[in-house]
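Below is one structure; the comments refer to it alone.
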Amino acid sequence: VLVFSIGLTINIHSDHILRNLRKPGEYVYKIPRGGMFEFVSGANFFGEITEWCGYALAAWSLPAFAFAFFTICSIGPRAYYHHRYQFSPVIPGSSRHHIKLDRLGKISDHNM
């Protein structure tokens with residue numbers, strides 16, 4: 001039950017951060033800050049996977065484990081590709097750049 005509660009809390013907090021990321025009418029991509037986003041690029045995905053794995057452990061039944069497994073199978077690839085996109089090389093003009101986060105969450109721009 002503890003793992004489920006931790007995952008639920010991470011999921012709700014991460015969704016709150018994502019909903020308040022941009023001002024109304026703003027359409028530019030922003031990297032989320034705060035909460036678990038300081039440790040993983042897809043904190044909302046991590047929270048949901050943790051939540052359903054905790055549910056499977058608490059329920060200890062085949063349907064619950066199957067649901068957790070298929071959650072990982074569907075959200076895991078989304079999280080992976082989201083991470084790849086967020087930290088992929090950007091090509092402004094002819095030079096390639098890479099956005100890198102340091103341990104304090106600051107963005108620094110490094111040429112590749």
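In this note's numbering, the protein residues as written are 1 to 112. Don't be surprised by glycine CBs; every beta carbon is placed ideally from N, CA and C.
Report task. Please report the Cβ distance between Ile72 and Ile49, rounded to the nearest whole angstrom; I am assuming they are in contact, meaning their Cβ atoms lie under 8 Å. Result -> 6 Å
Between Trp52 and Ala64, what straight-line distance do the alpha-carbon atoms span, to the nearest angstrom? 8 Å
Is Ala37 buried or exposed, if buried means 16 or more other CB atoms sit within 10 Å of its CB? It is Phe, not Ala, that sits at residue 37 in the sequence shown. Result: buried.
Nearest-angstrom Cα distance between Ile10 and Tyr27? Rounded to the nearest angstrom, the two C-alpha atoms are 25 Å apart.
Discussion item. Distance check for Ile31 and Lys23, CA to CA, integer angstroms please.
Written reply: C-alpha separation (whole angstroms): 14 Å.
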